[in-house]
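Residue numbers (our numbering), protein chains in the order written: chain A, 1 to 130; chain B, 1 to 344.
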């Protein structure tokens with residue numbers, strides 16, 4: 001039996017599949033997103049946690065906040081520097097970072113993360129208060 | 001202590017330490033983040049191609065299908081067209097089911113002696129179940145990782161992520177495939193360690209890929225849920241790899257050594273792949289006992305590269321020795337008279 005033609009065809013298909021990301025991105029530039037700090041965030045100078053920590057652990061901090069507020073009724077968070085914060089996504093985080101599209105969403109979209117926070121938490125609480 | 005699995009286990013730990021120390025202490029982010037992954041992919045592509053082509057070149061002079069069902073024969077006996085296929089279409093069905101559901105593994109039996117000395121053969125499905133869980137979880141994890149290699153991330157990939165995180169527990173939301181992958185690999189490895197008969201036939205090159213893949217799953221899970229890493233920096237690196245435009249070295253330096261350990265594991269797996277049992281990925285398509293029609297009785301298969309062989313048939317032999325045979329009283333097909341009559 002001589003099936004060399006079929007085998008080569010299968011091999012070529014496989015190798016194209018393996019190198020698919022190279023073909024898919026051919027001629028495309030996909031720079032890492034630049035996030036924009038709002039004026040309030042710039043003025044505040046520091047976040048709840050140091051930058052490196054808040055960058056990787058904000059989702060777990062928010063999860064702990066949610067549980068603490070909902071289950072224990074405790075609303076005050078004290079960080080390592082002794083500064084006090086209201087444990088609230090809408091009133092604390094989004095107060096400074098009021099530009100969700102240019103701040104939160106850019107990295108979330110880039111990393112294909114779809115947090116369900118925003119299912120309930122409205123985009124801009126100030127706007128909706130009026 | 002069994003050197004076969006201890007050495008494999010130690011090898012995996014040493015591999016991780018090489019990458020971790022190499023990036024965290026020595027600062028070789030370029031080596032482990034860019035150069036080694038490229039080299040590994042190159043070895044994988046070339047090695048895989050060469051291995052398959054060496055199979056394509058090897059001789060398959062006749063059909064050696066193994067059958068698990070009634071062959072096509074008399075019209076009143078029902079043939080098993082999938083397990084004993086006589087048409088190319090049925091072979092395609094058998095191959096598809098073999099690749100997608102591992103039917104050969106499903107037939108795994110275990111021999112047991114009963115108390116009264118009788119021997120029984122029972123279906124042994126745990127290997128099949130473990131293999132199914134492992135392969136499908138690994139495939140899902142692999143496809144899911146395309147989010148690091150595509151920008152913007154296409155909808156089907158997002159859909160798979162959503163399905164994988166279907167039960168929405170934990171934060172970041174737990175991907176089922178990762179948990180299943182780690183559990184299945186662990187089962188397949190422990191099976192080789194604890195079942196004496198299986199341990200006896202297990203070699204270091206059976207254990208090494210299992211431990212390596214467990215290492216990949218373990219470091220991946222660690223990065224996602226526990227020791228958090230800079231995901232945007234990682235995607236900048238991985239996108240750099242597929243677009244050949246790398247981020248600045250500060251970004252590379254900002255990524256945890258855990259990630260480089262994970263990436264190094266994957267690189268080692270890719271480079272090791274073409275030289276290992278893992279080549280069953282390509283080999284399954286070329287299994288001669290599965291991918292050939294079982295029409296050995298219905299059709300005569302002549303080796304296509306047979307050259308004409310000089311043969312001396314029985315008839316010719318009898319012509320040479322007929323008189324001596326008759327003299328010795330041996331039976332002959334053609335009598336002396338008939339042969340003489342033919343000559344004239």
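Idealized CB from N, CA, C, for every residue including glycine.
8 Å Cβ cutoff, residue i in contact with chain B
{"i": "residue 68(A)", "result": "no"}
{"i": "residue 7(A)", "result": "yes"}
{"i": "residue 103(A)", "result": "no"}
{"i": "residue 90(A)", "result": "no"}
{"i": "residue 45(A)", "result": "no"}
{"i": "residue 18(A)", "result": "yes"}
{"i": "residue 41(A)", "result": "no"}
{"i": "residue 28(A)", "result": "yes"}
{"i": "residue 15(A)", "result": "yes"}
{"i": "residue 21(A)", "result": "yes"}
{"i": "residue 4(A)", "result": "yes"}
Cβ pair residue i, residue j closer than 8 Å
{"i": "residue 293(B)", "j": "residue 85(B)", "result": "yes"}
{"i": "residue 172(B)", "j": "residue 59(A)", "result": "yes"}
{"i": "residue 247(B)", "j": "residue 258(B)", "result": "no"}
{"i": "residue 77(B)", "j": "residue 90(B)", "result": "no"}
{"i": "residue 284(B)", "j": "residue 99(B)", "result": "yes"}
{"i": "residue 229(B)", "j": "residue 56(A)", "result": "yes"}
{"i": "residue 318(B)", "j": "residue 343(B)", "result": "no"}
{"i": "residue 260(B)", "j": "residue 20(B)", "result": "yes"}
{"i": "residue 151(A)", "j": "residue 6(B)", "result": "Within the shown structure, residues of chain A are numbered from 1 to 130, placing residue 151(A) beyond reach of any answer."}
{"i": "residue 157(B)", "j": "residue 141(B)", "result": "no"}
{"i": "residue 92(A)", "j": "residue 85(A)", "result": "yes"}
Chain A residues whose Cβ lies nearer than 7 Å to that of residue i
{"i": "residue 172(B)", "result": "59"}
{"i": "residue 337(B)", "result": "None at all; the shortest Cβ gap to chain A is about 49 Å."}
Contacts that residue i makes with chain B (C-beta to C-beta distance below 7 Å)
{"i": "residue 73(A)", "result": "Neighbours of residue 73(A) on chain B: none; closest Cβ ~21 Å, over 7 Å."}
{"i": "residue 24(A)", "result": "150"}
{"i": "residue 63(A)", "result": "171"}
{"i": "residue 55(A)", "result": "230"}
{"i": "residue 107(A)", "result": "232"}
Minimum Cβ-Cβ distance from residue i to chain A less than 8 Å
{"i": "residue 232(B)", "result": "yes"}
{"i": "residue 208(B)", "result": "no"}
{"i": "residue 245(B)", "result": "yes"}
{"i": "residue 98(B)", "result": "no"}
{"i": "residue 242(B)", "result": "yes"}
{"i": "residue 302(B)", "result": "no"}
Chain-ordered chain A contacts of residue i [CB-CB under 8 Å]
{"i": "residue 72(B)", "result": "The premise fails here: residue 72(B) is roughly 20 Å from chain A at the closest Cβ pair, so nothing lies under 8 Å."}
{"i": "residue 286(B)", "result": "7"}
{"i": "residue 45(B)", "result": "15, 18, 19"}
{"i": "residue 235(B)", "result": "32, 110, 111"}
{"i": "residue 33(B)", "result": "Here the premise fails: no neighbours, minimum Cβ distance about 15 Å."}
Proximal chain B residues relative to residue i, where beta-carbon distance stays under 9 Å
{"i": "residue 82(A)", "result": "Within 9 Å Cβ-Cβ: nothing; residue 82(A) doesn't reach chain B, min ~24 Å."}
Outcome for residue i when other beta-carbon atoms lying within 10 angstroms are tallied against a minimum of 16
{"i": "residue 97(A)", "result": "buried"}
{"i": "residue 68(B)", "result": "exposed"}
{"i": "residue 328(B)", "result": "exposed"}
{"i": "residue 217(B)", "result": "buried"}
{"i": "residue 235(B)", "result": "buried"}
{"i": "residue 111(B)", "result": "exposed"}
{"i": "residue 2(B)", "result": "exposed"}
{"i": "residue 198(B)", "result": "exposed"}
{"i": "residue 301(B)", "result": "exposed"}
{"i": "residue 271(B)", "result": "buried"}
{"i": "residue 74(A)", "result": "exposed"}
{"i": "residue 256(B)", "result": "buried"}
{"i": "residue 206(B)", "result": "buried"}
{"i": "residue 10(B)", "result": "exposed"}
{"i": "residue 128(A)", "result": "Caution is warranted here: a pLDDT of 46 is assigned to residue 128(A), below 50, making its placement in the model unreliable, and no coordinate value can be reported."}
{"i": "residue 130(A)", "result": "With a pLDDT of 38 at residue 130(A), under the threshold of 50, the modelled position of that residue is not reliable, and the figure given next carries that caveat. It is exposed - the Cβ of residue 130(A) has fewer than 16 other Cβ atoms within 10 Å."}
Beta-carbon neighbours of residue i, restricted to chain B and to distances below 8 Å
{"i": "residue 112(A)", "result": "147, 153, 157, 158, 161"}
Residues that residue i contacts on chain A, provided the C-beta gap is smaller than 9 Å
{"i": "residue 111(B)", "result": "Within chain A, no residue comes near residue 111(B); the closest Cβ sits about 35 Å away, beyond 9 Å."}
{"i": "residue 40(B)", "result": "Within 9 Å Cβ-Cβ: nothing; residue 40(B) doesn't reach chain A, min ~12 Å."}
Closer than 8 Å to chain D by CB, residue i
{"i": "residue 11(A)", "result": "The chain inventory of the structure shown lacks chain D, comprising the protein chains A and B."}
Contact between the region 135-155 of chain B and the region 163-183 of chain B: three or more CB pairs below 8 Å? yes
Looking at C-beta atoms only, is the number of pairs between the region 253-269 of chain B and the region 8-27 of chain B that lie closer than 8 Å three or more? yes
Would you be able to state if there are at least three C-beta pairs under 8 Å between the region 33-49 of chain A and the region 100-114 of chain A? yes
Touching by the beta-carbon criterion (3+ pairs, under 8 Å), the region 321-337 of chain B and the region 103-123 of chain B: no
Flag this pair as touching only if the region 194-208 of chain B and the region 153-163 of chain B have three or more C-beta atom pairs under 8 Å; answer yes or no. no
Just checking, does the region 59-74 of chain B make contact with the region 308-317 of chain B on the three C-beta pairs under 8 Å criterion? no
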